[in-house]
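The block underneath contains the structure these notes are about, expressed in structure tokens.
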DNA sequence: AAATTATATCATGATATTATGATATATGCA
DNA sequence: TGCATATATCATAATATCATGATATAATTT
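Chains as they are written, first to last, in my numbering: chain A, 3 to 116; chain B, 3 to 116.
Following this line, the structure appears as structure tokens:
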């Protein structure tokens, strides 16, 4: 007996957790801003802190998330950590999302269930 | 005197809330599965309930989120509500994300800070 | 070595999101 | 009209996420 119900749905279910987690990487304003800012050029933690005006702790914590999810990677240079966007396609996702959102921005921001 | 600090960062800050909220639309496994399932064809709430094996309340609630954020739209037919993906570009985002994720799926799922 | 700078980590309280079960609404049918 | 079906909404308890401040680590400078 193979798959009682729906095999493709089974597959989807397995991927869904990971994909949803991936998207939750961009689901926080500060994390989104970090990625969008790093789109331009790589930066140290301190530079990001100054650029975004958030606490060092906040930035480091969110960077940790983003690194886990593969959005950014870092290289150590002296006592500074330089972060950059890992994969150019991530910026494509951001661009696409901006276009889709453009039409119903007001609608989205008024959503209370999320 | 124009913008004391960074104007582009100001702009980014404004958009970030909306974009982050947009992405949080896909940041829940059930919502992700709904969108991915509707990618194939439009469906009624009941059909989604059966397909995903979740409660009607759960599905309706998540559909409400997705509708707010413009991911899906619905049309009423008799006493059924048919839902479909609003914008084809949303599916492009899903496809892109799948590709980016493919490389570091294990990494993502082990992330504990999110 | 001691002090400084840059970053990471962690505990905890505050806040936001989610699941659940109950209930409401609206349509179609007997 | 009364009942069944399909969907939406809501209150609340459970859970997850986040901000904050404190502390740890590690490299550099004095």
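From the three backbone atoms N, C-alpha and C, an ideal C-beta is built for every residue, glycine too.
With DSSP collapsed to three states, give me the class of residue i.
{"i": "residue 10 of chain B", "result": "helix"}
{"i": "residue 82 of chain A", "result": "strand"}
{"i": "residue 59 of chain A", "result": "helix"}
{"i": "residue 29 of chain B", "result": "coil"}
{"i": "residue 5 of chain A", "result": "Low per-residue confidence applies at residue 5 of chain A: pLDDT is 42, beneath 50, and the placement is therefore not dependable, though the value from the model is reported in the following sentence. Three-state result, residue 5 of chain A: coil."}
With a cut-off of 8 angstroms, does the C-beta of residue i fall near any C-beta of chain A?
{"i": "residue 85 of chain B", "result": "no"}
{"i": "residue 11 of chain B", "result": "yes"}
{"i": "residue 102 of chain B", "result": "yes"}
{"i": "residue 43 of chain B", "result": "no"}
{"i": "residue 61 of chain B", "result": "no"}
{"i": "residue 65 of chain B", "result": "no"}
Could you spell out the range, first to last residue, of the alpha helix (DSSP H) harbouring residue i?
{"i": "residue 104 of chain A", "result": "90–105"}
{"i": "residue 53 of chain B", "result": "47–54"}
Please compile the residues from chain B whose C-beta is within a distance smaller than 7 angstroms of the C-beta of residue i.
{"i": "residue 2 of chain A", "result": "Residue 2 of chain A lies beyond the range of chain A shown here (3 to 116); nothing can be said about it."}
If residue i and residue j are in contact, beta carbons under 8 angstroms, what's the gap, nearest whole angstrom?
{"i": "residue 21 of chain A", "j": "residue 34 of chain B", "result": "5 angstroms"}
{"i": "residue 68 of chain B", "j": "residue 103 of chain B", "result": "Going by Cβ atoms, the distance from residue 68 of chain B to residue 103 of chain B rounds to 20 angstroms, so no, they are not a contact pair."}
{"i": "residue 77 of chain A", "j": "residue 98 of chain B", "result": "Rounded, the Cβ-Cβ distance is 25 angstroms, inconsistent with contact."}
{"i": "residue 27 of chain A", "j": "residue 56 of chain A", "result": "Not really, about 17 angstroms apart at Cβ, beyond 8 angstroms."}
{"i": "residue 87 of chain A", "j": "residue 73 of chain A", "result": "7 angstroms"}
{"i": "residue 60 of chain A", "j": "residue 16 of chain A", "result": "Contact doesn't hold; Cβ gap of about 33 angstroms is too wide."}
Closer than 8 angstroms, CB to CB, is residue i near chain B or not?
{"i": "residue 81 of chain A", "result": "no"}
{"i": "residue 49 of chain A", "result": "no"}
{"i": "residue 35 of chain A", "result": "yes"}
{"i": "residue 40 of chain A", "result": "no"}
{"i": "residue 19 of chain A", "result": "yes"}
{"i": "residue 5 of chain A", "result": "Any reading at residue 5 of chain A needs caution, since the residue's pLDDT is 42, under 50, leaving its predicted position unreliable; the model's value is listed next. No, residue 5 of chain A does not count as interfacial toward chain B."}
Which residues in chain A sit within 7 angstroms of residue i, going by Cβ to Cβ distance?
{"i": "residue 29 of chain B", "result": "22, 25, 26, 29"}
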